[in-house]
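Colleague: In the working numbering, the protein residues as written are -12 to 295.
Sending over a structure as structure tokens; questions will come in a sec.
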Ligand SMILES: [Mn+2]
């Protein structure tokens, strides 16, 4: 196919989906033929925002074989694309993580900048080129910026995220308490939803010869969850660790209302590591920490410690 495919990781999150839809609109309006497409299943949060504003889902594609050229948004690692995209086909990468593998894509023009959201980088292209954006793309980008910056409270947040949001929200006009709605929608983890969510937002990293799995949950009411279901969380993590052959695993639980992280880990080695790099103290299998820290910020700290 002559169209350029714009996509993200397999099982893309809201940031990737917003970025791929909006960037495709931008490039199409600039005279390039592109289409957004998703590999795997959408994250629940992405589905929530698409459904909430009655926005059509991007087309599902089995792999990128039918496309000659691919653009990656919010992704820059081989592990996340799981053999479904050949790295030679990737002509452009737009991402915002410190630890990445952009050098493994030999033909890609790479833009990696440490802003809060990949959607901010897409938004800036629209703003700089004075391209009128559709309301649906503005909504998606604004939603992704709120989600990725933890409503501007995560310390990944930059001025660039704020100004991109402010500009786009003139078109998106999101309700003032949309952030709460968005995070509340992710906070019902009753019954089997807990396991689905842990598995749904799991990433793993090879650091210093160890494979470390990191689950992340962003929600309102994390303390209650940890108090009531710590044992269940540990069982789920242990099960994943065995199944995926990880060396270590932990969960980063982010509470948007209390502005705290709650870490869950069962193994002494990973507990010691987290105590060292995050300055936390485990009490049994749980530890808490003031201020919001995200997985993409913890990974470079662990990597530095394990590879020194
Ligand atoms: Mn992102």
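The beta-carbon is built from N, C-alpha and C at its ideal position, and this holds for glycine as well.
Ligand 1 and residue 50: does any heavy atom of the ligand fall closer than 6 angstroms to the residue's C-beta?
Modeller: Translated into the one-based positions of the chain shown, residue 50 becomes position 63. The answer is no for residue 50.
Colleague: According to DSSP, is residue 273 helix, strand or coil?
Modeller: Position 286 of the chain shown holds residue 273. Looking at residue 273 - three-state DSSP - the assignment turns out to be strand.
Colleague: Is there at least one non-hydrogen atom of ligand 1 closer than 6 angstroms to the beta-carbon of residue 94?
Modeller: Taking the chain shown and counting its residues from 1, the one referred to as residue 94 is at position 107. False, no ligand heavy atom lies under 6 angstroms from that Cβ.
Colleague: Would you kindly report the start and end of the unbroken beta strand (DSSP E) that includes residue 246?
Modeller: As a working note, residue 246 is residue 259 in the chain shown. No beta strand (DSSP E) holds residue 246; DSSP gives it neither H nor E.
Colleague: Is the Cβ-Cβ distance between residue 106 and residue 188 less than 7 angstroms?
Modeller: Counting from one through the chain shown, the residue named residue 106 turns up at place 119. Counting from one through the chain shown, the residue named residue 188 turns up at place 201. No, these two residues do not count as a Cβ contact at 7 angstroms.
Colleague: Helix, strand or coil for residue -3? Go by DSSP, reduced to three states.
Modeller: Here residue -3 refers to the residue found at position 10 of the chain shown. Of the three classes helix, strand and coil, the one that applies to residue -3 here is coil, per DSSP.
Colleague: Kindly list the residues whose CB is nearer than 8 angstroms to the CB of residue 232, restricted to its own chain and excluding five residues on each side of it in sequence; keep chain order.
Modeller: In the chain shown, counting from the first residue as 1, residue 232 sits at position 245. Hits under 8 angstroms: 198.
Colleague: Based on Cα-Cα distance, which residue from 44, 134 and 217 lies nearest to residue 104?
Modeller: Numbered from its first residue, the chain shown carries residue 104 at position 117. Closest option to residue 104, Cα to Cα, is 134.
Colleague: Check for me: the alpha helix (DSSP H) holding residue 56 runs from which residue to which?
Modeller: To locate residue 56, count along the chain shown from 1; it is residue 69. Looking at the DSSP string, residue 56 is not in any alpha helix (DSSP H), and its letter there is neither H nor E.
Colleague: Helix or strand or just coil, what does DSSP make of residue 28?
Modeller: In the chain shown, the residue the question calls residue 28 occupies position 41. Coil.
Colleague: Between residue 9 and residue 270, what straight-line distance do the alpha-carbon atoms span, to the nearest angstrom?
Modeller: Counting from one through the chain shown, the residue named residue 9 turns up at place 22. Counting from one through the chain shown, the residue named residue 270 turns up at place 283. Rounded to the nearest angstrom, the two C-alpha atoms are 44 angstroms apart.
Colleague: Confirm, please, whether the CB-CB distance from residue 77 to residue 6 is below 7 angstroms.
Modeller: By one-based count along the chain shown, residue 6 stands at place 19. By one-based count along the chain shown, residue 77 stands at place 90. Cβ distance not < 7 angstroms, so residue 6 and residue 77 don't count as in contact.
Colleague: Excluding the five sequence neighbours on either side, which residues of its own chain have a C-beta within less than 8 angstroms of the C-beta of residue -3, listed in chain order?
Modeller: For the purposes of this step, residue -3 is taken as the residue at position 10 of the chain shown. Around residue -3: 26, 27, 67, 68, 69 and 71.
Colleague: Compute the distance between the beta-carbons of residue 54 and residue 14, then report whether it is under 7 angstroms.
Modeller: Indexing the chain shown from 1 puts residue 54 at position 67. Indexing the chain shown from 1 puts residue 14 at position 27. No; because the gap between Cβ atoms is not below 7 angstroms, this pair is not in contact.
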